[in-house]
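Numbering follows this note's numbering, with no gaps: position 207 of the sequence shown is 207.
Here a beta-carbon is modelled for each residue, glycine too, at the ideal position from N, C-alpha and C.
Data block below; observations after.
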Amino acid sequence: MKSLLYIFSACFLVLLGACNESQTTNQGTSETNDSQEVKNTDPEEKENEEEKHSEEENMFSLGEFDVVNSKTEVGTVTSGPIAVDILGVSVQNGEINDTYTENLPDGEVTFLRLDFTVISEQDNLTFDREFLPIKVNGEGDWIEPSLRMSGNLSFGYRGAGEYRAYASYLLDKTDADEIKSLTFQVKAPRDENNDPLGEDKSLSIDLTQ
Numbered sequence: 001m002k003s004l005l006y007i008f009s010a011c012f013l014v015l016l017g018a019c020n021e022s023q024t025t026n027q028g029t030s031e032t033n034d035s036q037e038v039k040n041t042d043p044e045e046k047e048n049e050e051e052k053h054s055e056e057e058n059m060f061s062l063g064e065f066d067v068v069n070s071k072t073e074v075g076t077v078t079s080g081p082i083a084v085d086i087l088g089v090s091v092q093n094g095e096i097n098d099t100y101t102e103n104l105p106d107g108e109v110t111f112l113r114l115d116f117t118v119i120s121e122q123d124n125l126t127f128d129r130e131f132l133p134i135k136v137n138g139e140g141d142w143i144e145p146s147l148r149m150s151g152n153l154s155f156g157y158r159g160a161g162e163y164r165a166y167a168s169y170l171l172d173k174t175d176a177d178e179i180k181s182l183t184f185q186v187k188a189p190r191d192e193n194n195d196p197l198g199e200d201k202s203l204s205i206d207l208t209q
């Protein structure tokens, strides 16, 4: 009799273990499906999430600006060991975020933005934003890039190589629709002794075509 009880108890424990294993497997499958459901979101929901992420990024941007005019594949200007390949130029206007108005004008602004690649073939050069002025409509003074509205403009200390950058030029007394052309100048870079390594070169850019 005791042997039968032991056998019955053993069978019961085996069946109970099998049930528990099946339940665990089902739970794991359910969790996996839940995970897959999270990843396979609806395209519309995904688009909304991307828009929300974009809005959060814009909170920390310089401001909201409209492109009034633009031109791509403008040309290359070379002076000594420096070549500036202008990828695009755009005329923009808009308002700067209040957070960033220090040392920048309040209210609506108009500016020119140039996107380019700087190619340097020599180390230890002096070449920064002061070497990249522009003149609008062929008149007035040369305008240097705004340091706070530009990016990656100090090249001299990094040595030879290619560097992507952009330069923004604030235009205080010019409306965006009045900008028909600009002259982009590359001043000759200088060596460790402050001697020029080339000649100043300019490129005229027509924005009416």
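Legend entry - Same chain, Cβ closer than 7 Å to L4, five either side skipped, listed in chain order: Residue 4 sits at position 4 when you count from the first residue of the sequence shown. For L4, the pLDDT reaches just 42, beneath the cut-off of 50, and the residue's location in the model is therefore unreliable, although a value from the coordinates is still provided. Result list for L4: empty, nothing under 7 Å.
Inset, instruction - Determine, using beta carbons only, whether V89 and F131 come nearer to each other than 9 Å. - result: Position 89 of the sequence shown, counting from 1, holds the residue named residue 89. Position 131 of the sequence shown, counting from 1, holds the residue named residue 131. It is not a contact, given that the beta carbons lie outside the stated cut-off.
Inset, instruction - Please say whether G94 and F65 have beta carbons closer to each other than 9 Å? - result: Mapped onto the sequence shown, residue 65 falls at position 65. Mapped onto the sequence shown, residue 94 falls at position 94. Yes; because the gap between Cβ atoms is below 9 Å, this pair is in contact.
Inset, instruction - Please work out which residues of its chain come closer than 8 Å, Cβ to Cβ, to N40, disregarding the five sequence neighbours upstream and downstream, and give them in chain order. - result: Working through the sequence shown from its first residue, we reach residue 40 at position 40. Any reading at N40 needs caution, since the residue's pLDDT is 45, under 50, leaving its predicted position unreliable; the model's value is listed next. Here the set comprises nothing.
Legend entry - Neighbour-count burial assignment, R164, 16 or more Cβ in a 10 Å radius: What you label residue 164 is simply residue 164 of the sequence shown in a count that begins at 1. By the 10 Å Cβ count, R164 comes out exposed.
Legend entry - A160 - DSSP class collapsed to helix/strand/coil: In the sequence shown, the residue the question calls residue 160 occupies position 160. In this structure, A160 counts as coil in the three-state DSSP scheme.
Legend entry - Exposure label - V67; buried when at least 16 CB within 10 Å: Position 67 of the sequence shown, counted from the first residue, corresponds to residue 67. Exposed.
Legend entry - CB contact flag (G138, S70, <9 Å): Here the question's residue 138 lines up with position 138 in the sequence shown. Here the question's residue 70 lines up with position 70 in the sequence shown. Cβ atoms of G138 and S70: not closer than 9 Å.
Legend entry - Counted within 10 angstroms of its Cβ, other Cβ atoms place G140 as buried (16 or more) or exposed: Mapped onto the sequence shown, residue 140 falls at position 140. An exposed status is given to G140, since fewer than 16 other beta-carbon atoms sit within 10 Å of its beta-carbon.
Inset, instruction - Whole angstroms is fine: what's the gap from G161's alpha carbon to F184's? - result: Along the sequence shown, read from residue 1 onward, the residue named residue 161 stands at position 161. Along the sequence shown, read from residue 1 onward, the residue named residue 184 stands at position 184. So the alpha carbons of these two residues sit roughly 22 Å apart.
Inset, instruction - Would you verify that the beta carbon of S70 is, or is not, closer than 9 Å to some beta carbon of chain D? - result: Chain labels in this structure do not include chain D; a single protein chain is all it has.
Inset, instruction - Would you decide whether L87 is buried or exposed? Buried here means 16 or more other CB atoms lie within 10 Å of its CB. - result: Here residue 87 corresponds to residue number 87 of the sequence shown, with the count starting at 1. Residue burial is scored here from C-beta neighbours: L87 has fewer than 16 other C-beta atoms within 10 angstroms and is therefore classed as exposed.
Legend entry - Length of the line joining the Cα atoms of V84 and W142: As a first step, residue 84 must be located in the sequence shown, where it is residue number 84. As a first step, residue 142 must be located in the sequence shown, where it is residue number 142. For V84 and W142, the distance between alpha carbons rounds to 18 Å.
Legend entry - Three-state secondary structure assigned by DSSP to D148: The count along the sequence shown starts at 1 and reaches residue 148 at position 148. Position check: residue 148 holds Arg in this sequence, whereas Asp was assumed. Three-state DSSP puts R148 in coil, outside helix and strand.
Inset, instruction - Put E95 into one of helix, strand or coil per three-state DSSP. - result: Counting from one through the sequence shown, the residue named residue 95 turns up at place 95. In the structure shown, E95 sits in a strand (DSSP, three-state: E or B).
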